[in-house]
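Chemist: Residue numbers (the numbering used here), protein chains in the order written: chain A, 1 to 219; chain B, 1 to 119; chain C, 1 to 1018.
Structural data, given as structure tokens:
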């Protein structure tokens, strides 16, 4: 028994292998209406990021995260810490569970460093990036679209920047978070991504929703 | 639709985020093999169905995924408290064996039954 | 085009904006600001409907939600039909098309009136129950006929072009009703800093202020309302929702509101910017506190023929005159029990029409308005009431007499007053519907002669809704209630800006209690005295019900249908209670009242459904390979919310041309490909749970029935999961990834429940175990490559050593497939050589396509769930939920090999497996069935008997759980549960079918193909 846990780099070289984001099917089947001048809400996918689930005690994980990424663990429920450059974020999911999002391709290395820093503590780290994606909403009507979709209170008083929750969204569930003033992020499971995409197009229709496509090759 | 305070998320959430899991505080017998068939049947199948205060196990399924307990009034549907696993309820049903209070409450209940039928 | 009843001036309508509309095929004109009802009255349309049961002509009675008669069908096309619209609540728009809901072929020339006239005497209360319930089988036929004639409206027959949605709202204080109480409450709460939503069901906010004669702070009440609304509209913490009805008050201050956004503009919403606005919206409001400022409904008096067109509520008369500039007649008789209703006569006279008399049930009425009426020269007949209306299509006279209310008799001479309109008022009933929804019980308040809601935490009735009627008191009560609601949530008290406006206290004399007016004849012999106009319930019917022994008001209601349907007792309920009380010789509080349920007014299905319809009705979950499946012609099967390829029909050339294969043909081809070459299945939907922790192994041992202590890294094991009742609840393979690291698979439909199950036991019983669970179902895509040629094909694409000794059955290996990091599991659900390839889902399409790029020479064939089922059943592999049903133990399945009775921990399900019942020998046990006739494919679910000649009822001993045609066996075959089946190998059983045939089948083992399991080991 060498390693008690199997840590596996499941990421392929995107320069060689054609990767498909969870919304690839939706772009082809539902289309991508371009944002127009009258668009009051815009949707964009941030695909292929590294998503790591961290399980364990807050104190040890906080220490390891500071050591490896200089990021502190959000201590309060339903909060989110975003690194200054916006490339790393960590969100409270439950008293012993956090979601760490890192630039695509870094997840395996970050997991390794965290495991080393955590040593013999009781913890678990699971890479889940293939199974979920980040959909970003921006624009003045973003909050209206969210009010149509979730019973969670998205009023700025109840949902300030830096908040993040897991909640029901239409007939599925998502992680909903507010990394900064301008954007909302919806993290959705891959198999439900098309449903959420179609839902958002429909709910945003009266606000002239547009979709922007980012380059799918990470830096 | 209930509005439920999750003791782990420390805020109220909509009922659709939760799953009810039945009566709370039913511990699995430590030594199942030492149980008679009847005792085992009690553990598996028999539950209270009070009119009034009831302790229930719920899970914040779409949320923190933590199990916790709710003390709920089964007539008014009021949620009197929620508390974490391992904790004991602060609100419990008053003993109903004796006394004036029981008599009065009994009459009130009878009236509820008579008039509580919804149109 | 003339509107005979329209005044030259006055009202809140815009005479510069004439609108044209059609009612029952006739074209009329009204003005912007009209409701359909006010426009119909302006045009002198008396007859708007036929009554539900007796088919009597009916006219407009009220001006609001309580209108019982003017319930119309809107819409000019099959797609835009809206049933059950109250004309009093529908804003007029140009081109509006409406028709009577009741009355067929139309309300003017109604064939049903003859049936009604004939049937009338023969339709006592309980008529439907008594007449149509036997024979049972005829009910459907009766119901159709009743519906057609009873006029419950008709639904659209073409797709609705409009959009509907839901909006979730949150606020500290929800105020329902924007009359004087609601406006005051909203202002107070908003000034205190609370987030406030104020909704009102009418076209215009302001409620009774809009037609009030009062001055507030020295300006007309309507102007004060306008200014207050402007103040509220400017506040960031206030949301105003006009045209929005609060219809349901649910648990914990969750209130559903229906907002009509474009209904006042046209039949369908008009596109703007190329985007179609939402026609109707459901606001789902979670409030901290709720103020119910819903006002009160006026009660009509119950007298003979009070349903003839021209009988109106007194308050409605005032509203039509003052708000819409419409006087609905020429000569008025007002019958009242209170001061407030005098306004109707004053308004009528000021409008230049004649008031024949005010008939007041009180002996000595006194008060400001009474004096004003006297001063205006109006004749006031005291101690009297209208006892009967004359006329058939329209009121022609009122019969007035002195009455003795105590003795319930008419005294003295009856005077007949010629008139065309009778306005009546029997007092006011607080609108307690919403409070009722919360479970608050209404209590009788003798001082206001009405039911008021009891207190429930967080629910505040204000103003008329709790029986406070004088305007100055209503304004103060609203203000106070708004402050109380806000302070209950911790907001500090209101600023002086939210003080009540000055309003003079009116001098009003006390009202008297009058519900049913006595007639010269007894109630049962008098002409019909209607209590519930919508459901045609009369005072006589209530009396009959009480005589027949119905004493509980709930029973009287159900027996007579009083307050049923869309009416929900708004107008007639209290009168009905009072009549029942009189008949039973008891007081109203002793009789009690029925309560109300949601919805307060009808809500269109479109609003209830919102956007959850058509392709968004339910989420469709897709695997990363969905686009390929669609492009390759897959037929799909729903498995939970997943779309899974069911089979892949190919084109087939026949003598008649090309056609697609049938499912049977496709499945035969796909099965053969797997057994003879190589097939591939998208198994990405299987649940996958990553399990880590020092105690992960111990945990598996407690949750599965079999042993996990010795499973080495690199190995895979099949596991069975039971509930503590010993019944199988899930199965799947779990792989040891490393000493403290496992990957569990679950059935497709059970992924979420199994994860919750693991958490349940960990969190509630064994929190001391170091283990954690994370769903990775969506992270990994799974492709099952199976068949004798699987190894050769995979070898072309992988760096993993596929040698049968290096990579054994039930091993897993890491490596690359088509250049993508992959975990490959040598497990088989087909009985053939099989490799399950797992890659991160982003790369699934790449790997799948690469396999097909190399697969041609091996005949690589995609297969779907149907073929998967045939292949697994041939091997006797169960599907949990198909071959099991929550009453099947591992022993019943013959899976003793998967039970570790000697494991040290008393694992979940173990104790139950030693109960006497689970050890019973004649339990239903899983067996194979081979039909004697190989061409027969038994029906799944078919019942099994041992003796087909037994007299009916035959003892049933089991049923078929899975049944297919096997191309390999060239025969039908099945799995079934049969009592004591394990001891009955070789015996015959019988399956009697509904068509009379009886199939015979032999009990065999469950493994039909390769029983020794050699093929998967090759």
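Beta carbons are placed, not taken as given, at the ideal position from N, Cα and C, and that holds for glycine. Keep in mind the model is a prediction, meaning the values are calculated, not measured.
Cβ atoms of residue 486/C and residue 188/C: under 8 Å apart, would you say?
Modeler: Contact flag set, yes.
Chemist: Can you have a look at residue 710/C and say buried or exposed, based on whether 16 or more other CB atoms are within 10 angstroms of its CB?
Modeler: Classification for residue 710/C: exposed.
Chemist: Along chain C, which residues have their Cβ under 9 Å away from the Cβ of residue 61/B?
Modeler: Under the 9 Å cutoff, chain C gives 752, 756.
Chemist: Please confirm if the segment 614-628 of chain C is in contact with the segment 642-651 of chain C, defined as three or more CB-CB distances below 8 Å between the two stretches.
Modeler: At 8 Å Cβ cutoff, the stretches touch.
Chemist: Identify whether residue 490/C lies in helix, strand or coil by the three-state DSSP scheme.
Modeler: Residue state, collapsed to three classes: coil.
Chemist: Within 10 angstroms of its Cβ, does residue 48/B collect 16 or more other Cβ (buried), or is it exposed?
Modeler: Residue 48/B comes out exposed.
Chemist: Pick out whichever of 403/C, 930/C, 344/C has its Cα sitting closest to the Cα of residue 378/C.
Modeler: Of 403/C, 930/C, 344/C, the residue nearest in Cα terms is 344/C.
Chemist: Compare the Cα-Cα distances from residue 77/A to each of 163/A, 201/A, 179/A, 19/A and report the closest residue.
Modeler: Comparing Cα-Cα distances from residue 77/A to each of 163/A, 201/A, 179/A, 19/A, the minimum goes to 163/A.
Chemist: If you check the beta carbons only, do residue 787/C and residue 679/C fall under 8 Å apart?
Modeler: Against a cut-off of 8 Å, the Cβ pair of residue 679/C and residue 787/C comes out as a contact.
Chemist: Going by the C-beta, is residue 423/C closer than 7 Å to any heavy atom of the ligand PLP?
Modeler: As for the ligand PLP, it is missing from this structure, which has no ligand bound.
Chemist: Check for me: the beta strand (DSSP E) holding residue 132/A runs from which residue to which?
Modeler: Note, residue 132/A: beta strand (DSSP E), 132-138.
Chemist: Could you tell me whether the Cβ of residue 79/A comes closer than 8 Å to any Cβ of chain B?
Modeler: It does not: the Cβ of residue 79/A has no partner Cβ on chain B nearer than 8 Å.
Chemist: Any beta-carbon of chain A closer than 8 Å to the one on residue 843/C?
Modeler: Cβ-Cβ to chain A under 8 Å: yes for residue 843/C.
Chemist: Using the C-alpha atoms, what's the distance from residue 977/C back to residue 1023/C?
Modeler: Within the shown structure, residues of chain C are numbered from 1 to 1018, placing residue 1023/C beyond reach of any answer.
Chemist: Could you tell me whether any Cβ in chain B is nearer than 8 Å to the Cβ of residue 340/C?
Modeler: Cβ-Cβ to chain B under 8 Å: no for residue 340/C.
Chemist: Here's the rule I'm using: 16 or more other beta-carbon atoms within 10 Å means buried, otherwise exposed. How should residue 803/C be labelled?
Modeler: Its Cβ having fewer than 16 others within 10 Å, residue 803/C is exposed.
Chemist: Taking residue 501/C as the reference, which of 219/C, 36/C, 813/C has the closest Cα?
Modeler: Residue 219/C is the option with its Cα nearest to residue 501/C.
Chemist: With a cut-off of 8 Å, do at least 3 Cβ pairs link the segment 683-698 of chain C to the segment 873-885 of chain C?
Modeler: The answer is no - the segment 873-885 of chain C does not touch the segment 683-698 of chain C, with fewer than three Cβ pairs under 8 Å.
Chemist: Are the C-beta atoms of residue 136/B and some chain C residue less than 8 Å apart?
Modeler: Residue 136/B lies beyond the range of chain B shown here (1 to 119); nothing can be said about it.
Chemist: Does the distance from the C-beta atom of residue 54/A to that of residue 100/A stay below 8 Å?
Modeler: For residue 54/A and residue 100/A, yes; Cβs fall inside 8 Å.
Chemist: To the nearest angstrom, report how far apart residue 560/C and residue 584/C are at their CA atoms.
Modeler: About 16 Å.
Chemist: Could you tell me whether the Cβ of residue 10/A comes closer than 8 Å to any Cβ of chain B?
Modeler: No, residue 10/A does not count as interfacial toward chain B.
Chemist: May I ask you to report which of helix, strand or coil DSSP gives residue 55/B?
Modeler: Strand at residue 55/B.
Chemist: Report the option in 509/C, 515/C, 542/C whose CA atom is closest to the CA atom of residue 524/C.
Modeler: With distances taken between Cα atoms, residue 524/C lies closest to 542/C.
Chemist: Beta-carbon separation of residue 92/B and residue 53/B under 8 Å?
Modeler: Closer than 8 Å, so yes.
Chemist: May I ask you to list, following chain order, the residues of the segment 40-56 of chain B that have a beta carbon less than 8 Å from some beta carbon of chain A?
Modeler: Listed by position along the chain: nothing, the set is empty.
Chemist: With a threshold of 8 Å between beta carbons, is residue 191/A in contact with chain B?
Modeler: No - not a single Cβ of chain B is within 8 Å of the one on residue 191/A.
Chemist: In the DSSP assignment, what are the bridge partners of residue 773/C?
Modeler: In the DSSP output, where bridge partners are listed per residue, residue 773/C has 691/C.
Chemist: Are the beta-carbon atoms of residue 59/C and residue 467/C separated by less than 8 Å?
Modeler: Taking 8 Å as the Cβ cut-off, residue 59/C and residue 467/C do not qualify as a contacting pair.
Chemist: If you reduce the DSSP assignment to three classes, tell me which class residue 13/C lands in.
Modeler: Here residue 13/C sits in coil by DSSP.
Chemist: Around the Cβ of residue 163/C, are there at least 16 other Cβ atoms within 10 angstroms (buried) or fewer (exposed)?
Modeler: It is buried - the Cβ of residue 163/C has at least 16 other Cβ atoms within 10 Å.
Chemist: Given that residue 173/A touches chain B, what residues does it touch there, using C-beta distances under 7 Å?
Modeler: In chain order: 62.
Chemist: Can you give me the Cβ contacts of residue 247/C inside the same chain, cut-off strictly under 8 Å, excluding the 5 residues immediately before and after it?
Modeler: Answer for residue 247/C: 256, 257, 258, 598, 599, 600, 601, 603, listed in chain order.
Chemist: Among 122/A, 117/A, 153/A, which one has its Cα closest to the Cα of residue 97/A?
Modeler: It is 122/A.
Chemist: Just grab the DSSP bridge partners of residue 43/A for me.
Modeler: Answer by DSSP bridge pairing, in chain order: 137/A, 211/A.
Chemist: Spell out whether any CB of chain B is found under 8 Å from the CB atom of residue 99/A.
Modeler: Not one chain B Cβ lies under 8 Å of residue 99/A.
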